[in-house]
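Protein chains: 2
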Amino acid sequence: MGDIAEACGVSKMTVSRVLRNAEYGVSESARERVLACAKRFNYRPNALAKSFAKNRSGYLGIALPFEGLLGSAYFSRLVAGLQEGMAGSDWQFALFDTLSDSFNKGDKLAGLYHEQRVDGLIAIAPHSNEEYIEKLTAEDIPVIIAGEPTQHQNAISVSTDDEDSIRFLSDYLIARGHREIGFVEGPENLLSARLRSDAFHQQMAKHGLPVNPNFIFRGDYNRSKTRDNALQFLKMKALPSAVIAANDLMALGFLDAANICGISVPATCSVVGVDDLDAAKSSYPPLTTMHQPVRKTGEIAMRCLIEWTETGKKPEPLKKLSSTIVERASVQAYPTHAS
Amino acid sequence: MGDIAEACGVSKMTVSRVLRNAEYGVSESARERVLACAKRFNYRPNALAKSFAKNRSGYLGIALPFEGLLGSAYFSRLVAGLQEGMAGSDWQFALFDTLSDSFNKGDKLAGLYHEQRVDGLIAIAPHSNEEYIEKLTAEDIPVIIAGEPTQHQNAISVSTDDEDSIRFLSDYLIARGHREIGFVEGPENLLSARLRSDAFHQQMAKHGLPVNPNFIFRGDYNRSKTRDNALQFLKMKALPSAVIAANDLMALGFLDAANICGISVPATCSVVGVDDLDAAKSSYPPLTTMHQPVRKTGEIAMRCLIEWTETGKKPEPLKKLSSTIVERASVQAYPTHAS
DNA sequence: TTGAAAGCGCTACCAG
DNA sequence: CTGGTAGCGCTTTCAA
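Chains A and B are the protein sequences, given in the same order. Here the numbering used here is used: the first sequence runs in plain steps of one and ends on residue 339. Here the numbering used here is used: the second sequence runs in plain steps of one and ends on residue 339.
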């Protein structure tokens, strides 16, 4: 930078101003000269020096459990949103695994911030409210939880509204004449799965409809496991006219089983899921499901985070985005064999 | 750091030495005092300052097309390897999308390096030999291509050996009495897909076996597309006794179709794939496939990159890792109806 | 074994 | 509108 100042016969300051795109405080002629010179010298601003001087790393961290999440459609959608939310800005992504260094996750992540490796964090932990959130929040580190509502006091989160999806789906099927409705459960130890299950039972109760325990089975958010369980389930003499799966993966597993058994969906039994995975578009038959605005979640989370790190002002604590139904071909309205 | 030097009655230098874990050049007593003091002060080294002084960002970039790859099992496996390769080191991951900023990918990535935002790059571009590789290589930027062999001169890559997998699979089926073998093709525009296809034809020719064009169809590395095409395919009166899918996703799609049609795998038709996705373990029936050492690929790539950035010595140009078969339940040996 | 000094490349702050 | 000066927190170099 000194070189180019010298070559142009101006001070480093002027050069700095021009290069920083400061719109004021520099004459046009000087600006042009400097710009030309910079190009000639093939000048590259040094991000390290800049970071150091401004006391900002320029990196925003994404913290998530690599195993399981990194390869999921959910992650890629969320990141697409994060990207969108940071479009046009000069921030960069850093990536951290909350599983490694598990012995001291809180310290690790907090350290990242204190050591100025990142200026803020997005925590993706849809599967549990990890304890590290508490520590980060307590230390006033800019961190936003994406994808899961959290019970932590003062923590900021942006998520989709799981319970609402299930309620909607229950109403949807009931409105279409279904009375006997089955449910495929997610893993017991996951908050979101419990929330979904509760919402189903509540909504059935609200409509005065009984829940037949035979029509409930576990799939653990897993396609092949659900398939295997459904293979048993479908042997029952009396089937429900519809089944709600707590997520798409399980709905897909149910379809796999139905195809193997030669049971027709939706003629014999309707199926709905939650998530709207890419695969739900092209399943056999295409799956009616709740589209979760995961991408939007990421976008909002990122905007909040940037706002927070740039202004220092902590945003509102919680946002829940609601889902919308995508009607495809796995639901039969007014089934003739409905009880 | 000054504070703690003062408090201990030593110089900043001594403190620096202690904190850097320099094994020599400092007395035990001084070391202990400094360490204690640092703990008391809750001292945090500032990574920014360190980076600046050492002229290293501490970040290694992973460049990939977010869309399509970010949510894939392939990506997560590769990253697991990268992580392994960087275990114990002080490097961090940065993440860049080769699709955004597509207008000037080369410049963008090169810029990242020149601006010192990253000290090296892993390029994951299994689907094409992007032009930006050329630019990076020409500028002697430490970049390693993971997952795909490359034709670029001087570029360094670590990849799995696709052709070898297909050759092995062909031999494997032939050795088990199969004579009429079908093939599910990947997308035409992908190098790896063409390579796999060529390998199949070559190997059949080598054994003096004809390839029936009716037994070849396209799946484009896509599960549901393959399912739909296979649904047609399986209507043929004469089927091959085995089918090789150029990847697991397509093998899975083929299984979907077989299940829907009620065609028994492997009794009627055997199926094999390439990749060994998680889903291949639990498909119906479980899939016999080639396990690609994707994780290993990542690990080696990362080790090479670190070596390169730390020593400045460019590693050997190309490594190909070979695959091993995982025998499950989708192949029938010595089918009775083989021609 | 220790310490003093210089400097990494940039920005902030205050003068002119 | 412009330029000087003073750091940012660490490492490197050299001298004691």
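Heads up, the beta-carbon is just placed ideally off N, CA and C, and yes, glycines get one too.
- Could you confirm whether any beta carbon from chain B is found closer than 7 Å to the beta carbon of Ala338/A? Residue mapping note: residue 338/A aligns to position 338 of the first sequence, counting from 1. Reliability fails at Ala338/A, whose pLDDT of 48 lies under 50, so the model's placement of it is uncertain and the value that follows must be treated cautiously. It does not; no Cβ of chain B falls within 7 Å.
- Query: According to DSSP, which residues form a beta bridge with Ala199/B?
  - Reply: As a first step, residue 199/B must be located in the second sequence, where it is residue number 199. For Ala199/B, which the question treats as bridged, DSSP gives no partner whatsoever.
- Task: Apply the 10 Å Cβ neighbour rule to Leu64/A and answer buried if 16 or more other Cβ atoms are within range, or exposed otherwise.
- Result: Along the first sequence, one-based indexing puts residue 64/A at 64. Leu64/A should be labelled buried.
- Message: Counting only beta-carbon separations shorter than 7 Å, does Leu60/B have a partner in chain A?
- Response: Walking along the second sequence from the start, residue 60/B turns up at place 60. Output row for Leu60/B: interface = no.
- Cβ-Cβ separation, Gly186/B to Tyr132/B (assumed contact under 8 Å), whole Å: In the second sequence, the residue the question calls residue 132/B occupies position 132. In the second sequence, the residue the question calls residue 186/B occupies position 186. No, Tyr132/B and Gly186/B are not in contact; Cβ-Cβ is about 23 Å, not under 8 Å.
- Item | Chain-order list of residues whose beta-carbon lies under 8 Å from that of Ala338/B (same chain, five-residue window excluded) | What you label residue 338/B is simply residue 338 of the second sequence in a count that begins at 1. Annotation note: pLDDT 48 at Ala338/B (below 50); position unreliable, coordinate value reported separately. Here the set comprises Gly177, His178, Arg179, Glu180, Ser241.
- Item | Below-7 Å beta-carbon distance, Arg117/B vs any chain A residue | Here residue 117/B refers to the residue found at position 117 when the second sequence is read from its first residue. It does; some Cβ of chain A falls within 7 Å.
- Task: Measure the Cβ-Cβ separation of Gly289/A and Phe254/A and say whether it is below 7 Å.
- Result: In the first sequence, residue 289/A corresponds to position 289, counting from 1. In the first sequence, residue 254/A corresponds to position 254, counting from 1. According to the sequence as given, residue 289/A is Thr; it is not Gly. Not in contact: Thr289/A and Phe254/A (Cβ atoms no closer than 7 Å).
- Query: In three-state terms, what does DSSP make of Gly208/B?
  - Reply: Numbered from its first residue, the second sequence carries residue 208/B at position 208. Three-state result, Gly208/B: coil.
- Item | Other residues of its chain near Ser224/A: CB distance less than 7 Å, five sequence neighbours each side excluded | Counting from 1 along the first sequence, the entry for residue 224/A is found at position 224. Excluding residues within five positions, the ones whose Cβ falls inside 7 Å are Gly253.
- Query: Ala242/A bridges to which residues according to DSSP?
  - Reply: Your numbering for residue 242/A matches position 242 in the first sequence. DSSP, once it has assigned bridges, lists Ile181/A, Ser270/A as partnering Ala242/A.
- Query: Residues of chain B with a CB under 9 Å from the CB of Asn259/A: which are they?
  - Reply: Mapped onto the first sequence, residue 259/A falls at position 259. Near Asn259/A (Cβ distances below 9 Å), the residues of chain B are Asp256, Asn259, Ile260.
- Item | chain A within 7 Å of Phe52/B, Cβ atoms only | For the purposes of this step, residue 52/B is identified with residue 52 of the second sequence, where counting begins at 1. Chain A, which has a Cβ nearer than 7 Å to the Cβ of Phe52/B, makes this yes.
- Task: Would you mind sorting Phe183/B into buried or exposed? The rule is 16 or more other CB atoms within 10 Å of its CB.
- Result: If you number the second sequence from 1, residue 183/B lands on position 183. By the neighbour-count rule (16 or more Cβ atoms within 10 Å), Phe183/B is buried.
- Task: Identify, in the order they occur along the chain, each residue of the same chain with its Cβ nearer than 7 Å to the Cβ of Thr297/A, setting aside the five sequence neighbours on each side.
- Result: Position 297 of the first sequence holds residue 297/A. Taken in chain order, the residues that qualify are Leu78, Gly81, Ala146, Gly147, Val158, Ser159, Thr160, Leu321.
- Query: Counting contacts by CB-CB distance shorter than 7 Å, is Leu95/A in contact with chain B?
  - Reply: Taking the first residue of the first sequence as 1, we reach residue 95/A at position 95. Yes, its Cβ sits closer than 7 Å to a Cβ of chain B.
- Item | Residues that Phe41/B contacts on chain A, provided the C-beta gap is smaller than 7 Å | Position 41 of the second sequence, counted from the start, is the residue given in the question as residue 41/B. By Cβ distance, chain A contributes nothing, its closest Cβ being about 13 Å from Phe41/B, past 7 Å.
- Message: Threshold first: 4 residues or longer. Then list the alpha helix (DSSP H) segments lying entirely within the stretch 291-339 of chain B, N to C.
- Response: 294-311
- Over what stretch of residues does the alpha helix (DSSP H) that includes Val34/B continue unbroken? By 1-based counting over the second sequence, the position of residue 34/B is 34. Segment 28-41, the alpha helix (DSSP H) holding Val34/B.
- Message: Ignoring anything shorter than 4 residues, give me the alpha helix (DSSP H) runs that lie fully in the stretch 93-119 of chain B, in order along the chain.
- Response: 105-114
- Nearest to Asp278/B by alpha carbon, out of Cys269/B, Val294/B, Ser264/B? Position 278 of the second sequence, counting from 1, holds the residue named residue 278/B. Closest by alpha carbon: Val294/B.
- Hey, how far is the Cα of Leu99/B from the Cα of Ser89/B? As a working note, residue 99/B is residue 99 in the second sequence. As a working note, residue 89/B is residue 89 in the second sequence. Rounded to the nearest angstrom, the two C-alpha atoms are 29 Å apart.
- Task: Using a Cβ-Cβ cut-off of 7 Å, state whether Gln92/A counts as contacting chain B.
- Result: As a working mapping, residue 92/A is identified with position 92 in the first sequence. At least one chain B Cβ lies under 7 Å of Gln92/A.
- Item | Proximal chain A residues relative to Phe75/B, where beta-carbon distance stays under 7 Å | Within the second sequence, residue 75/B is the residue found at index 75, counting from 1. The answer, in chain order, is Leu70, Gly71.
- Message: Closer than 8 Å is the cut-off here; do at least three beta carbon pairs connect the stretch 259-266 of chain B with the stretch 314-332 of chain B?
- Response: yes
- Query: Roughly how many angstroms lie between the CA atoms of Ile244/B and Ala199/A, to the nearest whole one?
  - Reply: Here residue 244/B refers to the residue found at position 244 when the second sequence is read from its first residue. Here residue 199/A refers to the residue found at position 199 when the first sequence is read from its first residue. Approximately 45 Å, taken between the alpha carbons.
- What's the gap between the Cα of Pro315/B and the Cα of Leu112/B? Counted from its first residue, the second sequence places residue 315/B at position 315. Counted from its first residue, the second sequence places residue 112/B at position 112. Each residue's Cα considered, the two are about 21 Å apart.
- Query: Is Val326/A closer than 7 Å to Asp276/A when the C-beta atoms are compared?
  - Reply: Locating residue 276/A in the first sequence gives position 276, where the first residue counts as 1. Locating residue 326/A in the first sequence gives position 326, where the first residue counts as 1. Yes, these two residues count as a Cβ contact at 7 Å.
- Can you name the residues that DSSP bridges to Val265/B? The count along the second sequence starts at 1 and reaches residue 265/B at position 265. Paired residue(s): none; Val265/B is not in a bridge.
- Query: Does DSSP put Val18/A in a helix, in a strand, or in coil?
  - Reply: Taking the first sequence and counting its residues from 1, the one referred to as residue 18/A is at position 18. In the structure shown, Val18/A sits in a helix (DSSP, three-state: H, G or I).
- Is the shortest distance between the beta-carbon of Asn21/B and the beta-carbons of chain A less than 7 Å? For this step, residue 21/B is matched to residue 21 along the second sequence. No, its Cβ sits nowhere closer than 7 Å to a Cβ of chain A.
- Item | Leu369/B, enclosing alpha helix (DSSP H) - first and last residue | One cannot answer for residue 369/B here, as it falls past the ends of chain B, which runs 1 to 339.
- Query: If Arg205/B and Leu231/B are in contact, beta carbons under 8 Å, what's the gap, nearest whole angstrom?
  - Reply: In the second sequence, counting from the first residue as 1, residue 205/B sits at position 205. In the second sequence, counting from the first residue as 1, residue 231/B sits at position 231. Correcting the residue identity first, residue 205/B is Ala in this sequence and not Arg. Contact doesn't hold; Cβ gap of about 30 Å is too wide.
- Going by DSSP, what residues sit across from Tyr59/A in a beta bridge? Position 59 of the first sequence, counting from 1, holds the residue named residue 59/A. For Tyr59/A, which the question treats as bridged, DSSP gives the partners Gln92/A.
- Query: If we call anything under 7 Å between Cβ atoms a contact, is Ala30/A one with Val10/A?
  - Reply: For the purposes of this step, residue 30/A is taken as the residue at position 30 of the first sequence. For the purposes of this step, residue 10/A is taken as the residue at position 10 of the first sequence. The answer is yes: Cβ separation under 7 Å.
- Using a Cβ-Cβ distance under 7 Å, would Asn212/A count as near chain B? For the purposes of this step, residue 212/A is taken as residue 212 along the first sequence, with counting starting at 1. It does not: the Cβ of Asn212/A has no partner Cβ on chain B nearer than 7 Å.
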